[in-house]
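Listed in order, the protein sequences are those of chains G and P. Taking this note's numbering, the leading residue of the first sequence gets 1, the next gets one more, and so forth. Taking this note's numbering, the leading residue of the second sequence gets 541, the next gets one more, and so forth. Glycine is no exception: its CB is placed at the ideal position from the N, C-alpha and C atoms.
There are 2 protein chains.
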Amino acid sequence: MTVTAVLAGHSIVAGEPLVGAAGTAVAHDPATDEPLEPAYSLLAVDQLAHATAAAEEAFASFSALAPEPHARFLERAAENLEAAGSAIVARAMQETGLPEARLTGELARTTGQLRLFAAVVRQGDHRGVRVDPARPDRAPLPRADIRQRQVPVGPVAVFGASNFPLAFSVAGGDTASALAAGCPVVVKAHGAHPGTGELVGRAVADAVAAEGLHPGVFSLVYGPGAQVGRALVTDPAIRAVGFTGSRSGGLALVAAAAARPVPIPVYAEMSSVNPVVVLPGALDPDEGADVDALAAAYLASVTGSSGQLCTAPGILLAPRSERGDAFVDAVRRAAEAATGQTMLTAGIARAWHDGVDALGAQDGVEAAGTGTPGATRNAPAPSVFVADVATFLANPVLEAEIFGAASLVVRYSGDDELLAAVGRLEGQLTATLHLTEADAATARRLLPVLERKAGRILANGWPTGVEVGHAMVHGGPFPATSDGRTTSVGTLAIDRFLRPVAYQGLPDYLLPEPVRPDNPWRLTRRVDGVLRAAETEAAR
Amino acid sequence: MTVTAVLAGHSIVAGEPLVGAAGTAVAHDPATDEPLEPAYSLLAVDQLAHATAAAEEAFASFSALAPEPHARFLERAAENLEAAGSAIVARAMQETGLPEARLTGELARTTGQLRLFAAVVRQGDHRGVRVDPARPDRAPLPRADIRQRQVPVGPVAVFGASNFPLAFSVAGGDTASALAAGCPVVVKAHGAHPGTGELVGRAVADAVAAEGLHPGVFSLVYGPGAQVGRALVTDPAIRAVGFTGSRSGGLALVAAAAARPVPIPVYAEMSSVNPVVVLPGALDPDEGADVDALAAAYLASVTGSSGQLCTAPGILLAPRSERGDAFVDAVRRAAEAATGQTMLTAGIARAWHDGVDALGAQDGVEAAGTGTPGATRNAPAPSVFVADVATFLANPVLEAEIFGAASLVVRYSGDDELLAAVGRLEGQLTATLHLTEADAATARRLLPVLERKAGRILANGWPTGVEVGHAMVHGGPFPATSDGRTTSVGTLAIDRFLRPVAYQGLPDYLLPEPVRPDNPWRLTRRVDGVLRAAETEAAR
């Protein structure tokens, strides 16, 4: 049986297929531009309420779930994804043009992410329990017992990305962190990989059923993009939104959410050129520099996954010096050795061509190296350009993100020019320094500027390849994201879907488990301002 | 020397008086409607940049300040406020009509709040340090060293409230938490208590100078309200806003902040009717109920500070029963025994009259008890009304906040009517239950509903009198605040002015102190997901 044969082609709403009433849509294999069966039925706006009402209905029980069954559910979803792994990877290859190794790795990242959040749920620190015990004898007024915990915000809408059909899509970081927070999730399926979405959605819905949870905990809806997206964000049952995609798409959702009678937060990860600064020491052979290796690593970061990574370096600042010239020569050779890989969709490839044509046509911008187109459709030749800081500062086109394998080298003369260029950058997901200790003085001037510009700062590495851990920040000031106070990757992402509630003077029989004096969930709690590992109040 | 004689009547910008170019304004004693000298010069919009540029300039050094001098600064501000305490209280009495005991208590709360944040700064948990150590041997790919910390967002604009001239104003909770986070602050002075503002502003500015900090750390600006407020919120140097005041004022700032080229968060605490639910057990004499005491406590909460508290109970739900009738009779007696107190301004008193007249004129709303006007100007008679649930559900006027000593008793018959009324409420700062264990079943149905409606849930107490501690939440879903993910009172308020930054593979010589391996600030850190009390990595 082929993968195609098992696909139903419909939304999955509260565990059941729902046939859409607004026509159908079909995805295309970007390597051939051929349509991929089956066609997907699209929900009409008034059908969405089935999913959102079920999510709202599921909230009461799911938000109060004990840690162990809650964690088990996330683990079961990971297991189901693994069981369907070969079908998922096969279909994702067809739908995205991404190579098998990349998708296999991405599946592992997706299941690893679910398991990491299962561990977070078991540990429970995200519940943020704070206890200020009563002080009946305090003068002039006694203090009541006050307890705080973080509660889930309510049902969450998730919009997946085209470039990560697994890790930032149906069961990706937004979904995993929202489910871990205790929020039911309604995912809007991405039109470019509907079959992958269905296989993943089924794995999650099956986990909901297998663990005996309310089926409204998870739904996956297919619909005509902007229309159903807007309807989802403005549905009163939805209380927060996670989005990964374009700046225009993200800003449209932000505006829709702000215009609601009750506005809700939108966590949109949008656009970033991820500046890389090469300081002089990093090109110094006496310090062990190897410009060929550096240039090859740069091109690998620019061209990996056909350049379609949120953290791909779109701008590299290199010194104007003899060694800088040698580095730019090495970049040229590395670019010329690169071969195009299939992009995600024909539309994305067209947008890449438009962006590259526009950049190349700017005064003062020259080609610094062009590779070879790939053998498939939609696999344009990787392209690197070069300009100087004055040109960069004078023309905002040079800072525009080009989604795909393209990058701009900006040549700077001295620290002041470098700081001027960095100071003009918009908010970014990442900023990278290549340096040695000889560059420390310059780096110390740059660091405070970069901290205000970016969510993650790297040294002597490349920003692509985002680690899923506790310390990761995949976020950053606007317009990298719509809300620079958070991250969409790593365990801190769970905080996006929580809000604090305080309980004052509640009798024990009414207190929710996390804040009960007998601490049945063995949570670390902040007592009178001091963190204390799990203990009951009687034991203190 | 009188208090008036020491007032300069100008903005304090980066430690220096700045004479405004946009005319002057004078406050009035609300007890007499007489003008209060001096007139205050108002900044023209283009003068604001002096304050915001100084704040931006101060950011680099202030945001990197070590814990001890940082905490000392906050303590020094508290000491300066105490030294000026009698002048501050005397002027605040004139400007607000609030009684001495209330203002003396509020000053203690304000200084206590600064000291609490000094303790938070010394402890350092708000820096949220996370360390995922490198795993060079991990397969298939090594893991880089990744470290995360919370950094201050940048300069913050604060808009104080009329009803707390100290604790929610120039050196109030927003200012204290922003300064504790490491953000320079520009306060827009409230026009109703300009002299109090100047005395407090001077105490803070003197602390900045005495501790040798950059003078741009704090400025206090007087200006024509909406105009300067809007200019402040749209100034590119400002990165977050704290506001306490009216719904219309808060929403105007939210809209202005969202329309910036780089939008910023606005934490606006706006409006709340703070529902109180009296369950049948709380009226049962066999359970120890004393309806007269309960009614007197209700009226005390309604009328305290002339009813001008964000958490005053504007709605009380009481059962329709004989005991409920007895309680409403007791409320009538308590209301009739109450005397009006001076309101904050003549305008606020007019708005109170308009609100009370509108409420009293609604079909199905009856007076349940009216007190006596006070002897001063602007001291209207406390007023309580009564209606049934059907009337309440049919007419949104009954849920509108009336700022001042007025409240509405809504009579309910049975749990379903009660849940219908509670379910219809907007977002609230607080929700209160009066109950005994006999009411547990009903309370358990109510609690999950209230958790989604309110930031703080109380039992058998009154919502007025907000404790400043670690577990407090003074916030809540829209429209109680513009951002229900936070609190504006208590130590968690500091999180509003922080954002995470990750450092990947940075050499030790570049790492900021909080994330250095030798942990010089002795911070508790989350290492590979597990909280660890201060230790260095070498020691592990």
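Burial state of residue i (16 or more Cβ within 10 Å)
i, result
"P:S846", "buried"
"G:G242", "buried"
"G:A394", "exposed"
"G:A368", "buried"
"P:P1003", "buried"
"P:D714", "buried"
"P:P936", "exposed"
"G:P140", "exposed"
"G:D206", "buried"
"P:R1056", "buried"
"G:A226", "exposed"
"G:A335", "buried"
"P:E556", "exposed"
Straight-line gap, residue i to residue j (C-alpha atoms, nearest Å)
i, j, result
"G:E366", "G:G245", "29 Å"
"P:R616", "P:P676", "47 Å"
"P:L621", "P:A743", "6 Å"
"P:A891", "G:P184", "42 Å"
"P:M541", "P:E577", "The predicted position of P:M541 is uncertain, since its pLDDT is 45 and thus under 50; no value can be drawn from it."
"G:L510", "G:I238", "27 Å"
"P:R1062", "G:A493", "26 Å"
"G:M343", "G:A101", "16 Å"
"G:G9", "G:A22", "13 Å"
"P:D1048", "G:V276", "20 Å"
"P:L791", "G:P236", "20 Å"
"G:A459", "G:H434", "6 Å"
"G:A51", "P:H754", "54 Å"
"P:S861", "P:G828", "18 Å"
"G:R333", "G:E401", "23 Å"
"G:T234", "P:V768", "33 Å"
"P:T1026", "G:S162", "33 Å"
"P:T564", "P:V842", "36 Å"
"G:M270", "G:R444", "29 Å"
"G:F392", "G:V254", "30 Å"
"P:P654", "G:T111", "Looking at the sequence itself, residue 654 of chain P is Leu, so the reference to Pro does not match. Looking at the two C-alpha atoms, the distance is approximately 45 Å."
Of the residues the options, the one placed nearest residue i, counting alpha carbons only
i, options, result
"P:N1059", "P:E556, P:G664 and P:R649", "P:G664"
"P:R1105", "G:D286, G:P99 and G:P155", "The question about residue 1105 of chain P has no answer, for chain P in this structure spans 541 to 1080."
"G:A240", "G:E537, G:D483, G:S86 and G:R516", "G:D483"
"G:A210", "G:H70, G:V273 and G:L18", "G:H70"
"P:G903", "P:A822, P:A919 and P:D928", "Going by the sequence as given, residue 903 of chain P is Asp instead of Gly. Among P:A822, P:A919 and P:D928, the Cα nearest to that of P:D903 is on P:D928."
"P:Y1043", "P:V671, P:A594, P:S788 and P:L605", "P:V671"
"G:L425", "G:S413, G:F403, G:V449 and G:D416", "G:V449"
"G:L429", "G:P517, G:V26, G:N274 and G:P380", "G:N274"
"P:F708", "P:G1016, P:V727, P:R1072 and P:A630", "P:V727"
"G:A231", "G:A295, G:G340, G:F159 and G:V501", "G:F159"
Under 7 Å between C-beta atoms of residue i and residue j
i, j, result
"G:P224", "G:L42", "yes"
"G:V217", "G:A49", "no"
"G:P194", "G:Y40", "yes"
"P:A877", "G:R147", "no"
"G:D292", "G:A330", "yes"
"G:T345", "G:A192", "yes"
"G:R496", "G:Y267", "yes"
"G:V386", "G:S407", "no"
"G:R525", "G:V129", "yes"
"G:I88", "G:L220", "no"
"P:A674", "P:A658", "no"
Open item on the list: Tell me whether the stretch 311 to 319 of chain G and the stretch 341 to 359 of chain G touch, counting them as touching only if at least three CB pairs, one residue from each stretch, are closer than 8 Å.
Closed with: No, the stretch 311 to 319 of chain G does not touch the stretch 341 to 359 of chain G.
Open item on the list: With a threshold of 8 Å, are at least 3 pairs of Cβ atoms found where one atom belongs to the stretch 457 to 475 of chain G and the other to the stretch 947 to 961 of chain P?
Closed with: No, the stretch 457 to 475 of chain G is not in contact with the stretch 947 to 961 of chain P.
Open item on the list: Is it the case that the stretch 367 to 379 of chain G contacts the stretch 18 to 38 of chain G, given that we only count it when at least three CB pairs across the two stretches are under 8 Å?
Closed with: The stretch 18 to 38 of chain G makes contact with the stretch 367 to 379 of chain G; the number of CB pairs closer than 8 Å reaches 3 or more.
- [ ] Evaluate the contact criterion for the stretch 171 to 183 of chain G versus the stretch 82 to 98 of chain G: three or more CB pairs, one atom per stretch, below 8 Å.
- [x] Flag = no, the stretch 171 to 183 of chain G and the stretch 82 to 98 of chain G do not touch.
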